[in-house]
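Numbering (full-length UniProt numbering), first residue to last: 1 to 403.
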Ligand code: PMP
């Protein structure tokens, strides 16, 4: 993976006092390879124009860049057609779209929306908002002590009132990989559609939406080496077709008159206003980049770093890892006796190690484990054993100071 590391210019950034950067905050956002940075730069140098509207050469280039990202995504996640790929601002935007356009019109008082206890706030709050507006309830599948979600517990909570289930593919806070294919199959046996929050999954594991059976799959480009502010919502055509748009404006219409407006075809019906065209161009480059990686080798590499870090952290007195589910992704959440998570983050930063501290936008999950915050190290393809060594060295010195 040394070749991968060399593709990311920021990783050779030297911090104050000559410290080497060990970037272990990949679950928050990933760094960008040169090809992605160049795609954004190229777009503004050679193509900048608005999409879909003009016939001049630049507009055609811009439209091509914007639409070819969609075509790449079709192949990347094995969607049935480009009509099923809605460009969004990211996972949060995609989930809100489904909550407002699919769930809200279908929810009545007493109906249920099924989620799990480990969800990110962006897969909790949109459901609470539509529940509040309709009198529906959010039902929560509890998390087990090791951070896993049991298929049986999920199945038990599906009811005749469940209108939709919304579940993470991988937990950003613990790294737990949920048995999404089995959960989707269980939901489908009761005719319940499932939205998968794929924010954490795409950079680490191949995603085939049709093999999973997902009805909706929301993701963010910035978690997979693309810029912030661009993502994709995959939705099964039949469902998207039946959904009204919830944002009106340019591009999403077919005809507008004061007597009434008709909407554009899929997927444009859900893409009101001038989109993030440079973001799409760079996202396309990110998919090309990831497509060129051996994802099995990446998974094995990240797993080796996870194992190495976990073993070394288990040797540190007073350090407790939260989330030990079998088969977890390369994310380690932990607490240390007598040290606040923020102090761990600050002290590690002084050694060049970047981790995340806080509730990770998963406050109910923190409450479940009786903590207000954890420290979290999360790995990507470009991390190496030197990053792990820097983390462990830093943690030992923190333990010596506070222990
Ligand atoms: N869900 C999960 C599991 C996440 O990790 C994140 C990002 N931390 C989100 C949703 C929200 O993604 P975004 O902020 O890019 O919309």
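From the three backbone atoms N, C-alpha and C, an ideal C-beta is built for every residue, glycine too.
Only residues of its own chain outside the window of five on either side were considered, and among them 73, 85, 209, 210 and 234 have a CB closer than 8 Å to the CB of residue 79, listed in chain order. At least 8 Å separates the beta-carbon of residue 377 from that of residue 322. For residue 143, no alpha helix (DSSP H) run applies, since DSSP gives it neither H nor E. The DSSP assignment places complete alpha helix (DSSP H) segments of no fewer than 4 residues inside the segment 220 to 277 at 237 to 242, in order along the chain.
Secondary structure at residue 81: coil, using DSSP grouped into helix, strand and coil. Linking residue 144 to residue 4 through their CA atoms gives a straight-line distance of about 36 Å.
Here the segment 277 to 286 makes contact with the segment 59 to 67; the two share three or more CB pairs at distances below 8 Å. The DSSP-derived three-state label of residue 353 is strand.
Taking 7 Å as the cut-off, one finds at least one heavy atom of the ligand PMP near enough to the beta carbon of residue 200.
For the 8 Å CB-CB criterion, residue 341 and residue 374 form a contact. Residue range 194 to 197 is occupied by the beta strand (DSSP E) that includes residue 197. 8 Å or more divides the Cβ of residue 303 from the Cβ of residue 381. Here the segment 111 to 120 makes contact with the segment 158 to 171; the two share three or more CB pairs at distances below 8 Å. A straight line joining the alpha-carbon of residue 250 with that of residue 20 spans about 47 Å.
Relative to residue 179, the option among 81, 1, 95 and 147 whose CA is nearest is 147. The three-state secondary structure of residue 112, taken from DSSP, is strand. With 16 or more other CB atoms across the displayed protein chains lying within 10 angstroms of its CB, residue 379 is buried. In this structure the segment 236 to 256 lies against the segment 91 to 102, because at least three pairs of beta carbons, one per stretch, are closer than 8 Å. About 21 Å separates the beta carbon of residue 194 from that of residue 224, a gap too long to meet the 8 Å contact definition.
Taking 8 Å as the upper bound for CB-CB distance, residue 347 and residue 398 are in contact here, some 5 Å apart. The Cβ-Cβ distance between residue 220 and residue 199 falls below 8 Å. Within the same chain, 319, 321, 332, 334, 392 and 395 come within 8 Å of residue 313 by CB-CB distance, once the 5 residues on both sides are set aside.
Nearest C-alpha to residue 7 among 36, 17 and 18: 36. Taking the CA atoms as reference points, residue 52 sits about 19 Å from residue 40. In its chain, beyond the 5 residues on either side, 112 have a beta carbon closer than 7 Å to the beta carbon of residue 159.
By the criterion of a C-beta distance shorter than 6 Å, residue 76 is surrounded in its chain by 287, once the five residues flanking it on both sides are discounted. Note that the C-beta distance between residue 231 and residue 93 is below 8 Å. Within the same chain, 34 and 37 come within 8 Å of residue 9 by CB-CB distance, once the 5 residues on both sides are set aside.
The three-state reading of DSSP puts residue 382 in coil, since its state is none of H, G, I, E or B. Inter-residue distance for residue 83 and residue 255 is about 20 Å (C-alpha atoms, whole angstroms). As a beta-bridge residue in DSSP terms, residue 87 pairs with 232. Between the alpha carbons of residue 97 and residue 370 lies a distance of about 32 Å. Closer than 7 Å to some heavy atom of the ligand PMP: that does not describe the Cβ of residue 26. The Cβ neighbour count for residue 283, taken over all protein chains shown within 10 Å, is at least 16; the residue is labelled buried. Cβ neighbours of residue 91 within its own chain (closer than 7 Å, five residues either side excluded): 122, 197, 199, 218, 219, 220 and 231.
Where residue 180 is concerned, the enclosing alpha helix (DSSP H) starts and stops at 180 to 189.
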